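Trainee:
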Amino acid sequence: MSSYLDELNGVQRAAVTTTEGPVMVIAGPGSGKTRVLTYRISYLLQKGVPPWSILTLTFTNKSAREMKDRIERVVGPKAQQVWAGTFHAIFARILRAEATKIGYPANFTIYDTDDTTSLIRAIIKEMSLDTNVYNASAIRSRISLAKSNLITPKLYRDKAEMMEEDRTAKRPYLVDIYEKYMARCQRAGAMDFDDLLFQLFRLFRDNPDQVLEKYRQKFQYIHVDEFQDTNYLQYAILRLLVKYEGSGENLFIVGDDAQSIYAFRGATIDNILDFEKDYPTLQTFKLEQNYRSTHHIVAAANQVISYNRRQLNKTIWTDRNERNLIKLVKSVTDDEEGRRVADLILEQRNRYHIPNSEIAILYRTNAQSRKFEEHLRRINIPYRIFGGMSFYQRKEVKDLVAYLRLAVNPLDEEALRRAVNYPARGISDATLDKIAQVAAATNLSMWEAMLHPMLDITDRAKKSLAGFRNMVVDWQKRANTENAYKLASEILRKSGLHDLLKGDTSPEGISRLENVNAVLDAISEFTDSVVLPDPENPDAQNNDKSLSTYLQTISLMTDADEDPDDRDFVTLMSTHAAKGLEFRSVFVTGLEENLFPSFMSMEDPNGIDEERRLFYVAITRAKEYLTITYAQNRYRYGQIRTSEPSRFLEEISPEHFELIGGMGSGRGNNPGPPQPARASVSGNFANPRMPQQKAPIAVPANFITAAPEAIVPGTRVLHLKFGEGKVTQVEGPRDNKVATIVFKEDELPERRIMLKFAKLMVLPAS
DNA sequence: GGGGGCTATGGGGGG
DNA sequence: CATAGCCCCC
Numbered sequence: 022m023s024s025y026l027d028e029l030n031g032v033q034r035a036a037v038t039t040t041e042g043p044v045m046v047i048a049g050p051g052s053g054k055t056r057v058l059t060y061r062i063s064y065l066l067q068k069g070v071p072p073w074s075i076l077t078l079t080f081t082n083k084s085a086r087e088m089k090d091r092i093e094r095v096v097g098p099k100a101q102q103v104w105a106g107t108f109h110a111i112f113a114r115i116l117r118a119e120a121t122k123i124g125y126p127a128n129f130t131i132y133d134t135d136d137t138t139s140l141i142r143a144i145i146k147e148m149s150l151d152t153n154v155y156n157a158s159a160i161r162s163r164i165s166l167a168k169s170n171l172i173t174p175k176l177y178r179d180k181a182e183m184m185e186e187d188r189t190a191k192r193p194y195l196v197d198i199y200e201k202y203m204a205r206c207q208r209a210g211a212m213d214f215d216d217l218l219f220q221l222f223r224l225f226r227d228n229p230d231q232v233l234e235k236y237r238q239k240f241q242y243i244h245v246d247e248f249q250d251t252n253y254l255q256y257a258i259l260r261l262l263v264k265y266e267g268s269g270e271n272l273f274i275v276g277d278d279a280q281s282i283y284a285f286r287g288a289t290i291d292n293i294l295d296f297e298k299d300y301p302t303l304q305t306f307k308l309e310q311n312y313r314s315t316h317h318i319v320a321a322a323n324q325v326i327s328y329n330r331r332q333l334n335k336t337i338w339t340d341r342n343e344r345n346l347i348k349l350v351k352s353v354t355d356d357e358e359g360r361r362v363a364d365l366i367l368e369q370r371n372r373y374h375i376p377n378s379e380i381a382i383l384y385r386t387n388a389q390s391r392k393f394e395e396h397l398r399r400i401n402i403p404y405r406i407f408g409g410m411s412f413y414q415r416k417e418v419k420d421l422v423a424y425l426r427l428a429v430n431p432l433d434e435e436a437l438r439r440a441v442n443y444p445a446r447g448i449s450d451a452t453l454d455k456i457a458q459v460a461a462a463t464n465l466s467m468w469e470a471m472l473h474p475m476l477d478i479t480d481r482a483k484k485s486l487a488g489f490r491n492m493v494v495d496w497q498k499r500a501n502t503e504n505a506y507k508l509a510s511e512i513l514r515k516s517g518l519h520d521l522l523k524g525d526t527s528p529e530g531i532s533r534l535e536n537v538n539a540v541l542d543a544i545s546e547f548t549d550s551v552v553l554p555d556p557e558n559p560d561a562q563n564n565d566k567s568l569s570t571y572l573q574t575i576s577l578m579t580d581a582d583e584d585p586d587d588r589d590f591v592t593l594m595s596t597h598a599a600k601g602l603e604f605r606s607v608f609v610t611g612l613e614e615n616l617f618p619s620f621m622s623m624e625d626p627n628g629i630d631e632e633r634r635l636f637y638v639a640i641t642r643a644k645e646y647l648t649i650t651y652a653q654n655r656y657r658y659g660q661i662r663t664s665e666p667s668r669f670l671e672e673i674s675p676e677h678f679e680l681i682g683g684m685g686s687g688r689g690n691n692p693g694p695p696q697p698a699r700a701s702v703s704g705n706f707a708n709p710r711m712p713q714q715k716a717p718i719a720v721p722a723n724f725i726t727a728a729p730e731a732i733v734p735g736t737r738v739l740h741l742k743f744g745e746g747k748v749t750q751v752e753g754p755r756d757n758k759v760a761t762i763v764f765k766e767d768e769l770p771e772r773r774i775m776l777k778f779a780k781l782m783v784l785p786a787s
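Under my numbering, the first residue of the first sequence is numbered 22, with each subsequent residue one higher.
Here you go:
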């Protein structure tokens with residue numbers, strides 16, 4: 022047997038070698054899930070399965086790329102011929118080959134969130150609706166949700182519940198906006214992110230013999246990573262591909278319900294549950310050994326996640342014996358938090374020789390990054406921020422890309438609006454409004470409406486329009502034949518963008534010019550790269566070097582996919598972006614009520630559970646050192662706000678913490694007796710056993726959180742989660758007291774709770 | 001047509 | 001507070 026199989030533990034090996042039929046791998050954090058996936062694909066390739074009949078769907082381009090590289094190390098270059106990529110990228114590739122069958126051009130444009138929002142805003146205006154009530158981005162997410170659940174505008178009208186929700190929100194015309202939006206996208210030859218799934222579903226469903234059957238035969242082995250984050254529509258497509266008469270049902274899914282953090286965009290845990298129902302012959306493997314993190318990190322993670330109501334049975338454990346306590350850092354302000362984190366990083370580098378690249382600062386919202394930047398800069402620690410505005414969202418880059426998009430697909434309305442009069446060429450807003458009106462009246466795109474006889478504009482405007490059109494038409498003719506780099510450089514100059522940027526000699530202006538030149542460099546790199554073809558699908562090759570393919574590729578990229586330079590930098594990113602990564606030292610920051618958990622989640626118990634899973638993801642990124650921080654005061658919405666420490670801090674026993682900051686502390690409290698890290702996370706969907714699954718504690722209207730001084734041995738207390746209990750012991754320094762409390766109805770005999778976090782009320786003695 | 005300044009609005013995570 | 005959109009003025 023090949024040597025790489027020897028690197029696997031028993032369960033991992035069994036999962037890897039079970040190649041036939043449906044397989045589900047439930048994989049805890051750090052349990053070697055990527056290794057299982059890559060070795061399984063290597064195993065298939067070594068057995069002689071052709072690479073182009075293997076499909077692997079991931080959530081980021083980066084993880085797809087890494088997976089291919091790791092497979093390549095085992096089986097060689099044919100690894101690159103495996104179909105591996107994000108759902109969106111793979112589906113875009115298939116759609117490119119088949120789009121004409123559903124009335125889209127092969128060169129369809131992909132609208133990003135900004136394009137989508139601005140189109141929706143335009144529609145709202147055209148319908149003369151109140152822009153205060155009809156908020157474009159809120160409507161965008163509702164349309165997105167509908168699409169991800171296969172609800173067309175027509176079906177939407179039949180959903181009494183959704184229509185009622187819109188009426189209640191005073192937005193009865195939402196479905197009309199949805200309908201118009203779909204038509205406008207179609208007319209512009211554009212698909213938004215959801216369309217890449219939605220239109221693929223349509224394509225498969227409406228062309229069972231010509232198209233679906235072809236891909237069913239082609240993809241004999243299908244893998245899905247991060248299955249807990251798939252939505253209804255993604256699962257529906259998978260079913261089309263796998264679930265049919267005579268299918269081998271070789272679907273291999275890997276996921277962890279405890280790490281499901283994308284419910285907000287329609288991901289549903291039901292997919293895991295339904296999976297067991299849909300595939301009765303399913304074989305399930307649980308990867309429960311954590312190879313990543315040390316004792317206290319694993320124990321804390323288990324404690325936190327045990328508060329969630331719905332989860333699959335599993336027990337995560339580690340045999341790593343290092344007992345670095347989790348540092349819990351309290352700061353008075355967000356600025357102090359930034360300073361303490363930067364100073365601790367310096368200390369860790371000096372004392373433990375941890376390189377910057379093994380250190381990450383994680384936060385709930387991208388806006389929190391600023392304070393960390395300031396303090397890292399102050400002490401000269403190099404860092405790199407992921408998230409926030411990506412390269413392709415910068416104005417100057419979008420301006421150039423708009424012209425490139427037009428050259429490929431002039432029907433693209435959003436690109437047209439952006440480019441038509443920038444740089445200025447005498448096409449006024451009034452002229453554009455008239456074009457839009459003609460387009461609406463004739464059901465044409467704006468590009469076509471420009472030539473319509475109905476269009477009543479001055480000769481001067483006509484002349485300007487003609488000049489613009491001729492320029493674009495010329496590029497369009499060459500877009501399919503000419504070298505993409507050469508054409509793009511010409512477009513940059515001929516559009517007038519180059520001169521415009523060159524005229525600005527301010528430092529920002531120079532950097533803008535550098536950015537557009539970087540786009541040209543990226544195109545050049547793209548056209549020069551060589552990828553092995555898929556002989557079965559000459560139409561859908563990933564070595565298509567046209568401008569059109571390039572544009573489709575970049576619209577699916579995020580800044581996490583950009584090449585990091587090889588400097589040794591500290592990573593700053595959101596907790597969402599950190600999923601799947603690991604670092605020797607991790608700082609999880611801003612653990613405050615209304616921030617983490619986010620205030621957006623506070624009213625919904627499911628929302629709190631998702632925030633808790635996010636916290637679980639965050640702390641399990643750490644291999645050796647975990648530091649959790651919170652601030653008592655923080656600038657938010659323009660003013661200083663005082664915040665309570667996050668409820669999640671209360672869910673970790675004090676013996677895992679070493680306290681830093683605040684008055685009179687800074688030394689660890691008594692760690693207490695050693696505890697096995699094998700903290701059981703039991704309970705399952707059918708058999709509720711978790712604390713929150715009980716009837717909720719009746720909260721008296723007069724609930725007041727008691728001051729720590731009021732809690733002494735013998736006190737009767739009411740806790741917001743655990744209900745009534747009696748204090749048996751209080752220990753620790755004055756402002757870090759820990760109480761041991763026996764609760765009346767609790768599966769544990771007693772709990773140790775840090776009073777400064779606890780939501781406790783003193784009850785009268787009985 | 002461009003720029004400056006005012007106002008309203010958002011405020012979360014991302015392919 | 002930061003930003004985007006908008007209006008107004010040049």
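Where is the CB? At the ideal position from N, CA and C, for every residue including glycine.
Quantities reported herein were computed from a predicted structural model and do not represent experimental measurements.
Between which two residues does the beta strand (DSSP E) harbouring E752 extend?
Mentor: Annotation: the continuous beta strand (DSSP E) that includes E752 extends over G744 to E752.
Trainee: Tell me which same chain residues have a C-beta within less than 6 Å of the C-beta of N329, skipping the five on either side of it?
Mentor: D630 and R633
Trainee: Since V214 and H109 are thought to touch, with beta carbons under 8 Å apart, how far apart are those beta carbons, to the nearest angstrom?
Mentor: Contrary to the premise, residue 214 reads as Phe rather than Val in this sequence. Their Cβ separation, rounded to whole angstroms, is 6 Å, which keeps F214 and H109 in contact under 8 Å.
Trainee: According to DSSP, is T570 part of a helix, a strand, or is it coil?
Mentor: helix
Trainee: Count Cβ pairs between the segment 141 to 148 and the segment 242 to 256 that sit closer than 8 Å; are there 3 or more?
Mentor: no
Trainee: If you run the structure through DSSP and keep just helix, strand and coil, what is G524?
Mentor: coil
Trainee: With C-beta atoms as the reference, is V738 less than 8 Å away from L784?
Mentor: yes
Trainee: Would the segment 511 to 522 count as touching the segment 375 to 388 if we require 3 or more Cβ pairs under 8 Å?
Mentor: Counting Cβ pairs under 8 Å, fewer than three are found: no touch.
Trainee: Evaluate Y424 with the Cβ neighbour count: other Cβ atoms within 10 Å of its Cβ, from every protein chain shown; 16 or more gives buried, anything less gives exposed.
Mentor: buried
Trainee: Note down, in chain order, each residue of its chain lying with its Cβ closer than 8 Å to the Cβ of Y155, except the 5 sequence neighbours on either side.
Mentor: I145, R192, Y194, L195 and I198
Trainee: Which residues does DSSP pair with P43 in a beta bridge?
Mentor: DSSP, once it has assigned bridges, lists no residue as partnering P43.
Trainee: How should M711 be labelled, buried or exposed, when 16 other C-beta atoms within 10 angstroms of its C-beta is the threshold for buried?
Mentor: With a pLDDT of only 33 at M711, under the threshold of 50, the placement of this residue in the model should not be trusted, and no figure is reported.
Trainee: Below 8 Å CB to CB, which residues in the same chain sit around L29 once its five sequence neighbours on both sides are set aside?
Mentor: V37, G53, R56, V57 and Y60
Trainee: Where are the alpha helix (DSSP H) runs, 4 residues long or more, that stay fully inside the segment 148 to 184, in chain order?
Mentor: 157 to 169 and 174 to 179
Trainee: Taking all protein chains shown into account, decide if G488 is buried (16 or more other Cβ within 10 angstroms of its Cβ) or exposed.
Mentor: When all chains shown are included, G488 counts as exposed.
Trainee: Give me the DSSP bridge partner(s) of I92.
Mentor: Answer is none; I92 lacks a bridge partner.
Trainee: Counting only runs of 3+ residues fully inside the segment 196 to 220, write out the beta strand (DSSP E) ranges in chain order.
Mentor: 211 to 213
Trainee: Any idea which residues DSSP pairs Q304 with across the strands?
Mentor: DSSP lists V44 as partners of Q304.
Trainee: How long is the line joining the alpha carbons of P376 and E93, rounded to whole angstroms?
Mentor: In this model, P376 and E93 are separated by some 28 Å (Cα to Cα).
Trainee: Figure out for me which residue from F724, E435, E546 and I531 has the closest Cα to the Cα of K419.
Mentor: E435
Trainee: Quick one: give me the first and last residue of the beta strand (DSSP E) that H790 is part of.
Mentor: What the structure shows of the chain is the stretch from 22 to 787, and residue 790 is not part of that stretch, so it cannot be assessed.
Trainee: Below 8 Å between beta carbons: does that hold for A652 and D364?
Mentor: No, they are not a contact pair.
Trainee: Return the CA-CA distance between G267 and P71, expressed in angstroms with no decimal places.
Mentor: 20 Å
Trainee: Does D291 pass the burial test, meaning 16 or more other C-beta atoms within 10 Å, or should it be called exposed?
Mentor: With fewer than 16 other Cβ atoms within 10 Å, it is exposed.
Trainee: Going by DSSP in three states, A698 sits in which element: helix, strand or coil?
Mentor: Residue placement at A698 is poorly supported in this model, since its pLDDT is 35, which falls under 50; the coordinates still yield a value, given next. Correct three-state label for A698: coil.
Trainee: Which whole runs of the beta strand (DSSP E) in the segment 464 to 552 are 3 residues long or more, in chain order?
Mentor: none
Trainee: Helix, strand or coil for H317? Go by DSSP, reduced to three states.
Mentor: helix
Trainee: Would you report the Cα separation of N723 and M782, rounded to the nearest angstrom?
Mentor: 10 Å
Trainee: From which residue to which residue does the alpha helix (DSSP H) around E119 run?
Mentor: F108 to E119
Trainee: Starting from S63, trace the alpha helix (DSSP H) both ways and give me its first and last residue.
Mentor: K54 to Q67
Trainee: May I ask you to report which of helix, strand or coil DSSP gives H740?
Mentor: strand
Trainee: Which residues does DSSP list as the beta-bridge partners of D249?
Mentor: Reading the sequence as shown, one finds Gln at residue 249 and not Asp. For Q249, which the question treats as bridged, DSSP gives no partner whatsoever.
Trainee: In whole angstroms, what separates the C-alpha of Q497 from that of P626?
Mentor: 53 Å
Trainee: Excluding sequence positions up to five away, which residues of its chain have a Cβ less than 6 Å from the Cβ of R588?
Mentor: P403
Trainee: Suppose you measure from the CA of L367 to the CA of T315; what does that come to, to the nearest Å?
Mentor: 22 Å
Trainee: Could you name the residues that DSSP lists as bridge partners for T354?
Mentor: N654
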